[in-house]
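First up is the structure itself, then whatever we jot down about it.
Numbering (my numbering), first residue to last: 535 to 890.
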């Protein structure tokens, strides 16, 4: 009797165990989740010291745009610190400072260095020789300026990265102007090669600081002034004292606003980063010239509508005449092989484009 009861008890216990097993399995602690993969190490950053040749005018905006583009396109891997003008060394010494590694990149006007390399006077843009902003890109990249600049800068441990094109040397007049011949006998503020060209064309050239132009036009000391572009002339308020504005800029394609790099820094970058910097420089240049052209159209429309300004447009033939006068004013350096090549490239390009 006892054994029967014992067997029944053992059977009940076994049945309970069988029933309980699935529930026990379901209530068991879950297996631990696999450990997450370690986060990838952040890409190393490269710090770049970038010198912009002046803290005035359009240059700071150009430099800031380039910095933004590079840092964004590199996802922050390339970090740019910007310094301006003479905060490090005098502008005339920037090329030597770049070659010795004082900074890594330099945005400059190459005409500053033409005493050392006379060919740079030609390749910085002789006013009147090029007639469209796109000429700057074409002559640099398709007609030999880039290769010649690379050869020149290799002498000072510097690499030529690229050039931005900008229009400059716009004219305003306080007396009526209808064509280039009307400048004969006028007192015009000008400088450098342009001043020599105006003298050849019969104008009376006056040299004076930028900040004296407004007063001099208002007083009659000047009849006309050549300075900057229509945007800077608008900012100076010259529409109040000069009712005749001449377009296009005689320096339609300034080809001397360039990015240069210290050679050791440049060669230490990956090929991809070199390409990124060059492309962002050229892209920021395209943005700059289109921005200048669009804002110039707005300004010219406003000064005509709101301030009674008459805008006069020189013909291609008149610009070519001015270009011939500036070229005749260039000091030859026929003993310098670089200068001869630069001169030949410019003349060949002008003939190709029908500018001479």
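Quick reminder that beta carbons are idealized off the backbone N, C-alpha and C, glycines included. Quick caveat, the model's predicted, so the values are computed rather than measured.
Report yes if the C-beta distance between residue i and residue j is below 8 Å; otherwise report no.
i, j, result
"residue 633", "residue 701", "no"
"residue 870", "residue 652", "yes"
"residue 670", "residue 697", "yes"
"residue 852", "residue 755", "no"
"residue 774", "residue 705", "no"
"residue 657", "residue 789", "yes"
"residue 823", "residue 699", "yes"
"residue 758", "residue 720", "yes"
"residue 691", "residue 813", "no"
"residue 620", "residue 614", "no"
"residue 818", "residue 596", "yes"
"residue 628", "residue 882", "no"
"residue 644", "residue 863", "no"
"residue 815", "residue 693", "no"
"residue 708", "residue 751", "yes"
"residue 807", "residue 612", "yes"
Residue i: buried (16+ other C-beta within 10 angstroms of its C-beta) or exposed?
i, result
"residue 769", "exposed"
"residue 763", "buried"
"residue 686", "buried"
"residue 861", "buried"
"residue 832", "exposed"
"residue 889", "buried"
"residue 638", "buried"
"residue 830", "buried"
"residue 809", "exposed"
"residue 811", "buried"
"residue 753", "exposed"
"residue 782", "buried"
"residue 626", "exposed"
With DSSP collapsed to three states, give me the class of residue i.
i, result
"residue 708", "coil"
"residue 660", "coil"
"residue 864", "coil"
"residue 672", "helix"
"residue 698", "strand"
"residue 738", "strand"
"residue 611", "coil"
"residue 890", "coil"
"residue 847", "strand"
"residue 679", "helix"
"residue 584", "strand"
"residue 856", "helix"
"residue 592", "coil"
"residue 625", "helix"
Report yes or no: is there a C-beta of chain B within less than 8 Å of the C-beta of residue i?
i, result
"residue 882", "Here there is only one protein chain, and chain B is not present."
*Any chance the region 655-675 sits against the region 850-857, with 3 or more Cβ pairs inside 8 Å?*
The answer is yes - the region 850-857 touches the region 655-675, with three or more Cβ pairs under 8 Å.
*Output the residue ranges of the beta strand (DSSP E) runs that lie fully inside the region 766-824 and measure 3 residues or longer, sorted by chain position.*
778-781 and 785-796
*Does the region 831-842 touch the region 863-883, meaning 3 or more C-beta pairs lie closer than 8 Å?*
no
_What ranges does the alpha helix (DSSP H) occupy inside the region 718-762, keeping only unbroken runs of at least 4 residues that lie completely in it?_
Runs found: 726-734 and 747-753.
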